[in-house]
Amino acid sequence: MSANAILNDPDFRRPGTGGGLLGVFRHRYLLSLLLKKGVATRYHGSALGWVWSYIRPAAQFLMYFLVVGVIMGGRQDITLFPIYLFTGIVAVNLFSEVLRNTTSAIIDNKALVKKIYLPRALFPVAAVGVGLVHFLPQAILLLVVSLVFGWTVGWIQIAAFLGGVALILTFSLGLGLFFGAINVAYRDAKNFVDLILMFATWASPVLYSWTMVKKHAPDWLYHLYMSNPMTAAVELFHTAFWVPIAPADPRPSDLVMHLLIAAAVALGTLLIGQLTFKKLEGSFAQNL
């Protein structure tokens, strides 16, 4: 068979390329191994281990509550500000965890990428799974605290929570695939991700209410802000945990419209990330 015939064979593909995100799930065993490896090595050599999964969000909450809630008086404008604040922190932490993990997934596994043929998309998808595992302690802590304040479960709450998680995972995986692929050749990508994470908490209604943006920002900026997938996800988390115990506080009248726009933005980001990753994955081993 000639070289051209081999290259034109539909079963031929360059080493290191795969069938995209959907193709990953044909390798479920490898995916589970990478997931277990990521979970096991996260706190390897740490005396406190998984306790850090509780300490970090608790420390964030105390810092923001004292500075924004007490010193700056933010708790006076929002009913049950502690629940409002912690709900937003948990949502943003999931975004930060997944985006950080997926961006560095190829670099962190460079020994495997350079020496063994594996579909490259396995690594960022496994990183999403690791992020979800480490999100669970924070979600459980949020659930317990909400129950103490009188929260009760309902179908709306469950749907809002799952919708928020899905929106965060879609958006962060899309960004992670995009920056993770570029990061292999240009480490500047990680610095861009650090900038995104630095602004994530302030660019969504975690420390303040959306009403402040509507009151002080131009209409176009308000709509842009509300169409941010992270703003939509945080509002879904608020709908799940905070709204049932603080029903008197105002809710955005155009929330559904902005949720749909945010979902479209997240899906568009995932598509761009997937296309970028697929275009560059064949050169990962060479660049590493």
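For the sequence shown, counting from 1, position 207 maps to 194 in the working numbering; every step adds exactly one.
Virtual Cβ for every residue (Gly too), placed ideally from N, Cα, C.
- Could you pull out every unbroken alpha helix (DSSP H) segment of at least 4 residues lying fully inside the segment 44 to 120, listed in chain order? 68 to 95 and 97 to 102
- Message: Relative to the C-alpha of Gly75, which candidate in Phe264, Ser270 and Ala227 has its C-alpha closest?
- Response: Ala227
- Is it the case that the Cβ atoms of Leu123 and Pro44 are separated by a distance below 8 Å? no
- If you check the beta carbons only, do Leu160 and Val115 fall under 8 Å apart? yes
- Task: Output the distance between the C-alpha atoms of Asp206 and Lys265, rounded to the nearest integer angstrom.
- Result: 38 Å
- Item | Collapsed DSSP secondary structure at Phe136 in the structure displayed | coil
- Straight-line CA distance for Arg0 to Leu18? Because Arg0 sits at a pLDDT of 49, beneath the cut-off of 50, its placement in the model cannot be relied upon, and the following sentence gives the value as read from the coordinates. Those two C-alpha atoms are separated by around 21 Å.
- Check Pro216 in the structure and name its three-state DSSP category. helix
- Tyr209 - DSSP class collapsed to helix/strand/coil: helix
- Endpoints, alpha helix (DSSP H) assigned at Arg29: Arg15 to Arg29
- Message: Measuring straight from C-alpha to C-alpha, what distance separates Val117 and Met50?
- Response: 26 Å
- Applying the criterion that 16 or more other CB atoms from any shown protein chain within 10 Å of the CB defines a buried residue, is Thr28 buried or exposed? exposed
- Message: Excluding the 5 residues flanking Leu257 on each side, which residues of the same chain have their C-beta closer than 7 Å to its C-beta?
- Response: Thr157, Leu160 and Gly161
- Query: Where do the N-terminal and C-terminal ends of the alpha helix (DSSP H) with Leu262 fall, by residue?
  - Reply: Leu242 to Leu267
- Task: May I have the straight-line CA-CA distance separating Ser191 from Trp138, to the nearest angstrom?
- Result: 23 Å
- Item | Extent of the continuous alpha helix (DSSP H) to which Ala235 belongs | It is not in any alpha helix (DSSP H) - Ala235 carries neither H nor E in the DSSP assignment.
- Could you tell me which of Asn88, Thr89 and Gly167 sits nearest to Asn274, measuring between CA atoms? Gly167
- Task: Just tell me which of Trp39, Tyr195, Thr89 and Pro106 has its CA closest to the CA of Asp181.
- Result: Thr89
- Task: Count the other CB atoms, across all protein chains shown, that sit within 10 Å of the CB of Arg174; report buried if there are 16 or more and exposed otherwise.
- Result: exposed
- What is the DSSP secondary structure of Leu160, counted as helix, strand or coil? helix
- Counting only the same chain and skipping the five closest in sequence on each side, list residues whose C-beta sits under 8 Å from that of Phe48. Pro69, Leu72, Phe73 and Ile76
- Own chain residues within Cβ distance below 8 Å of Leu194, not counting five before or after: Tyr51, Val55, Gly61, Leu72, Gly75 and Thr188
- Message: Excluding the 5 residues flanking Leu267 on each side, which residues of the same chain have their C-beta closer than 8 Å to its C-beta?
- Response: Ala168, Ile169, Val171 and Ala172
- Item | Where Gln125 falls, given that 16 or more other Cβ within 10 Å makes a residue buried | buried
- Message: Helix, strand or coil for Ser270? Go by DSSP, reduced to three states.
- Response: helix
- Hey, how far is the Cα of Val230 from the Cα of Ser270? 48 Å
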